[in-house]
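> According to numbering that gives the first Met the number 0, the first sequence holds residues 0 to 554 in order.
We put the CB at the ideal spot given by N, CA and C, even for glycine.
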Amino acid sequence: MENEKELRELADLMFPNVNKTIEDYEKMYPERNLEDGARVTRFAPSPTGFVHMGSLLSAFESCKAARDTNGIFYLRIEDTDQKRSVENGIVGILNDLKNFDIIPDEGMINEYESIGSYGPYIQSERKEIYHTFCKYLVLKGLAYPCFCKEEELNETREIQEINKERIGYYGSFAKCRSLTTKEAIQKIKDGEEYVVRLKSPGNFNNKIVLHDEVRGDIEFPENDLDIVLIKSTDKLPTYHFAHLVDDHLMRTTHITRGEEWIASFPIHDQLFSIFNFKKPKYAHLGLVMKIDENGVRRKLSKRKDKEASVEYYHKEGIPKEAVKLYLMTIANSNFEEWLDNNPDKDISEFKFDFKKISASGTLFDVNKLFNISKNYLSRLKATEIYDNLLTYTKEFDQEFYDILKNNKEYATLIFNIERESVKPRKDYISYSDIKNHVWYMFDEYFTNLTYDFVKITNKEEIKTIIETYVDKYLDLSDKDIWFNKIKEMCDTLGYASNMKDYKKNPEAYKGSVADVSTVLRVALTTKTNTPDLYEIMKLLGDSKIKERFIKCINA
RNA sequence: GGUCUGUUGGUGAAGUGGUUAACACAUAACCCUCUCAAGGUUACAUACAUGGGUUCAAACCCCAUACAGACUACCA
Numbered sequence: 000m001e002n003e004k005e006l007r008e009l010a011d012l013m014f015p016n017v018n019k020t021i022e023d024y025e026k027m028y029p030e031r032n033l034e035d036g037a038r039v040t041r042f043a044p045s046p047t048g049f050v051h052m053g054s055l056l057s058a059f060e061s062c063k064a065a066r067d068t069n070g071i072f073y074l075r076i077e078d079t080d081q082k083r084s085v086e087n088g089i090v091g092i093l094n095d096l097k098n099f100d101i102i103p104d105e106g107m108i109n110e111y112e113s114i115g116s117y118g119p120y121i122q123s124e125r126k127e128i129y130h131t132f133c134k135y136l137v138l139k140g141l142a143y144p145c146f147c148k149e150e151e152l153n154e155t156r157e158i159q160e161i162n163k164e165r166i167g168y169y170g171s172f173a174k175c176r177s178l179t180t181k182e183a184i185q186k187i188k189d190g191e192e193y194v195v196r197l198k199s200p201g202n203f204n205n206k207i208v209l210h211d212e213v214r215g216d217i218e219f220p221e222n223d224l225d226i227v228l229i230k231s232t233d234k235l236p237t238y239h240f241a242h243l244v245d246d247h248l249m250r251t252t253h254i255t256r257g258e259e260w261i262a263s264f265p266i267h268d269q270l271f272s273i274f275n276f277k278k279p280k281y282a283h284l285g286l287v288m289k290i291d292e293n294g295v296r297r298k299l300s301k302r303k304d305k306e307a308s309v310e311y312y313h314k315e316g317i318p319k320e321a322v323k324l325y326l327m328t329i330a331n332s333n334f335e336e337w338l339d340n341n342p343d344k345d346i347s348e349f350k351f352d353f354k355k356i357s358a359s360g361t362l363f364d365v366n367k368l369f370n371i372s373k374n375y376l377s378r379l380k381a382t383e384i385y386d387n388l389l390t391y392t393k394e395f396d397q398e399f400y401d402i403l404k405n406n407k408e409y410a411t412l413i414f415n416i417e418r419e420s421v422k423p424r425k426d427y428i429s430y431s432d433i434k435n436h437v438w439y440m441f442d443e444y445f446t447n448l449t450y451d452f453v454k455i456t457n458k459e460e461i462k463t464i465i466e467t468y469v470d471k472y473l474d475l476s477d478k479d480i481w482f483n484k485i486k487e488m489c490d491t492l493g494y495a496s497n498m499k500d501y502k503k504n505p506e507a508y509k510g511s512v513a514d515v516s517t518v519l520r521v522a523l524t525t526k527t528n529t530p531d532l533y534e535i536m537k538l539l540g541d542s543k544i545k546e547r548f549i550k551c552i553n554a
């Protein structure tokens, strides 16, 4: 009886401004009215200004998990550690997500505003809520103020290390746990700094089994650590406590997070048990790895690896659809097969399954991403390529943008070479890569040229070939006719017009139709490898062809 | 030190007791072919971390070991 009064005094002393109860908040944030099986998921980053590949995957999976069930996906900002925050950190994250079509239903929409009725969605504005929940624990004798200084904590840790004991604040190492309520009150009144710790009811020797959606059942010892709930300096909660309060009140049903959180799973389970809250389901995702220069497998680092930054793909012009396809292939192992069988369906029709997430860390495979991107781009219509490229160059290549803008029809025809067929050309890896394949089609870029004819290097011979072609064979009305004329030309000049004949008896000829074509190709484009020469000539047109031939001969 | 996770060919992976261990990317060769890209065919790789056990039978179940990783903060 007496103790209850003391606890009351202690709780009021610690949280003088709390004037609501847990019940009040339960009413403010009632259970969501969603259809059966609807998932409520979230992405909860620190406002660091950007998203890296690992978290993008996590956000993508959370979003997909919710969308599949007509659920809710929201964005919560975890800014309880001020050191992690940067200016405009939220907008940066929002942009990165938006670049990949991940748009939260609820949560922060810029630095200061949010949508949805389960907010605030930024933790620094939820202090009162955390304090209300924490005060309840103090009142119940389930949490206590801890006055241990950093040095004392380090000291006990050292002792534990030396004695090879389990490290942490628990049992007899939890000094402040045994303080009487009176003593605690006095210390606070004396102005001593303190954190609030959980008085863990757990016993390390008890085993508990927790279920992870990805890994199945995992056995742990019960948590007996008196973890910090509220920090001393800013009175903000730790991740553990914020997770409990926020995910309960925001009615999250599925927590997707990195596997680095598995270790604290028992803590979170215990917290939910103490409050008797409905427990969310947990999916712990494997880390995204890479092999570094030394052949060592390690976590993809946003500091060292350019491909870790989501911004990189945007800049490179990898279509967001391709990135999404790639993310989906690493998210669910059966996705690739599904896509093969349903090439025309949208990703949204694929049903995401937590159980199909690989438990081991995925090696990030840029080659695979490029391949997916290449295939994706090959299936687009020429007009789509044009439009998307215009958007891309507007941001990253103003000069090319202007050229494209002024030559819409011509550019679209270029992009249409060997496209829109069953077996389309696959040479564009990304939007930034397209210029490498088409620059020579634009006079603006057809300057400062060097010609390398590879095989036929005699200048007179080159001149002869070009002049012969220009004199007699500039008819582009039909591809077969055109090519037959090239062959005729070969015969007159002493080159093999038939590759098989040439291969059988190369000595008999000066070269083959391939070599002659190469001369024409290099003269017109400076490149030995291009798409179909006939198509290119048609697009260039007579006058440009002649112009370029003359330029070449005089070079 | 403690707790937990993971380990199938170069890479991503399928595969939860029963034929020659899918498939995709990468690589190589050949075919097609005016070059390239694509496409077709084929090949490729000491692939089930190691050692025990259970079983008629094990990648799959059990136990050890090794290696990698995470956590063990008033960081998330």
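Could you check what DSSP says for Tyr-312 in three-state terms: helix, strand or coil?
In this structure, Tyr-312 counts as helix in the three-state DSSP scheme.
> I think Thr-47 touches Val-85, with their Cβ atoms under 8 angstroms apart; what is that distance to the nearest whole Å?
The pair is a contact, with the Cβ atoms about 6 angstroms apart (cut-off 8 angstroms).
> For a test of the three-state rule: what should DSSP assign to Thr-255, helix, strand or coil?
Strand at Thr-255.
> Rounded to whole angstroms, what is the Cα-Cα separation between Lys-543 and Asp-432?
Distance between the alpha carbons of Lys-543 and Asp-432: 25 angstroms.
> I need the straight-line Cα distance from Asp-189 to Leu-12, nearest angstrom please.
Roughly 12 angstroms separates the two Cα atoms.
> Could you please give me the residues that DSSP links to Arg-142 through a beta bridge?
It is worth fixing the name first, because residue 142 is Ala in this sequence and not Arg. Leu-197.
> Would you please state the rounded distance, in angstroms, between the beta carbons of Tyr-450 and Thr-525? I believe it to be under 8 angstroms.
About 6 angstroms; that satisfies the 8 angstroms criterion.
> Does the separation of the CB atoms of Phe-452 and Val-365 fall below 8 angstroms?
Contact: no.
> Note down the Cα distance separating Glu-160 from Glu-154, rounded to an integer number of angstroms.
If you take the alpha carbons of Glu-160 and Glu-154, they lie about 10 angstroms apart.
> Can you give me the C-alpha to C-alpha distance between Val-421 and Asn-415, rounded to a whole angstrom?
Distance between the alpha carbons of Val-421 and Asn-415 is about 13 angstroms.
> Taking 8 angstroms as the cut-off, decide whether the C-beta atoms of Ile-428 and Lys-373 are in contact.
Yes; because the gap between Cβ atoms is below 8 angstroms, this pair is in contact.
> For the 8 angstroms Cβ check, are there 3 or more pairs between the region 60-78 and the region 105-117?
The region 60-78, when compared against the region 105-117, does touch it at the 8 angstroms Cβ threshold.
> With respect to the alpha helix (DSSP H) encompassing Arg-41, which residues constitute its N-terminal and C-terminal limits?
Run containing Arg-41: none in the alpha helix (DSSP H); it sits in the beta strand (DSSP E), 39-42.
> Counting Cβ pairs, one atom from each stretch, are 3 or more of them under 8 angstroms apart for the region 136-146 and the region 178-192?
Segments in contact, yes.
> Does the region 265-285 come within contact of the region 94-112, defined as at least 3 CB pairs closer than 8 angstroms?
Short answer: they don't touch.
> Check for me: the beta strand (DSSP E) holding Gly-215 runs from which residue to which?
Its beta strand (DSSP E) spans residues 215-220.
> Here's the rule: buried if 16 or more other CB atoms are within 10 angstroms of the residue's CB, otherwise exposed. What is Ser-496?
Looking at its Cβ environment, which holds 16 or more other Cβ atoms inside 10 Å, Ser-496 is buried.
> Give the straight-line distance between the Cα atoms of His-247 and Pro-119, rounded to the nearest whole angstrom.
Between His-247 and Pro-119, the C-alpha separation is close to 14 angstroms.
> Could you tell me the alpha carbon to alpha carbon distance between Val-512 and Tyr-494, rounded to whole angstroms?
Going from the Cα of Val-512 to the Cα of Tyr-494 covers about 6 angstroms.
> If we count the other Cβ atoms within 10 Å of its Cβ and call it buried at 16 or more, is Met-440 buried or exposed?
Its Cβ being crowded by 16 or more others within 10 Å, Met-440 is buried.
> According to DSSP, simplified to helix, strand and coil, what is Ile-556?
For the chain, the structure presents residues 0 to 554; residue 556 sits outside this window and is missing.
> Note down, in chain order, each residue of its chain lying with its Cβ closer than 6 angstroms to the Cβ of Leu-55, except the 5 sequence neighbours on either side.
Val-309.
> CB Thr-255 to CB Ala-410, shorter than 8 angstroms?
No, the Cβ-Cβ distance between Thr-255 and Ala-410 is not below 8 angstroms.
> Please say whether Thr-131 and Tyr-24 have beta carbons closer to each other than 8 angstroms?
Contact: yes.
> Would you kindly work out how many angstroms separate the C-alpha atoms of Asn-333 and Asp-67, rounded to a whole number?
Rounded to the nearest angstrom, the two C-alpha atoms are 16 angstroms apart.
> Just the Cα atoms here: how many angstroms apart are Leu-492 and Ile-464?
Distance between the alpha carbons of Leu-492 and Ile-464 is about 8 angstroms.
> Do you know offhand how far Lys-323's Cα is from Arg-41's?
Approximately 18 angstroms between the Cα atoms of the pair.
> With DSSP as the reference, label Tyr-575 as helix, strand or coil.
No answer is possible for residue 575: the residues shown for the chain start at 0 and end at 554.
> Whose C-alpha, out of Ile-480, Thr-392, Asn-457 and Ala-554, is nearest the C-alpha of Thr-446?
Ranking the options by Cα distance to Thr-446, first place goes to Ala-554.
> Specify the secondary structure class of Ile-226 as computed by DSSP and reduced to three states.
Of the three classes helix, strand and coil, the one that applies to Ile-226 here is coil, per DSSP.
> Among Thr-179, Ala-381, Pro-279 and Phe-219, whose alpha-carbon lies nearest the alpha-carbon of Asn-2?
Nearest of Thr-179, Ala-381, Pro-279 and Phe-219 to Asn-2, Cα basis: Thr-179.
> I'd like to confirm the pairing. Which residues does DSSP put opposite Met-107 in its beta bridges?
Its beta-bridge partners are Ser-113.
> Is Lys-344 helix, strand or coil by DSSP?
Looking at Lys-344 - three-state DSSP - the assignment turns out to be coil, as it is neither helix nor strand.
> With a CB to CB cut of under 8 angstroms and the five nearest residues on each side skipped, what residues in its chain are close to Leu-389?
Excluding sequence neighbours, Leu-389 sits near Tyr-400, Leu-403 and Lys-404.
> With DSSP collapsed to three states, give me the class of Thr-411.
If DSSP states are grouped into helix, strand and coil, Thr-411 belongs with the helices.
> For Ala-282, is the classification buried or exposed, using 16 other Cβ atoms within 10 angstroms of its Cβ as the cut-off for buried?
Counting Cβ neighbours within 10 Å, Ala-282 comes out buried, since at least 16 surround it.
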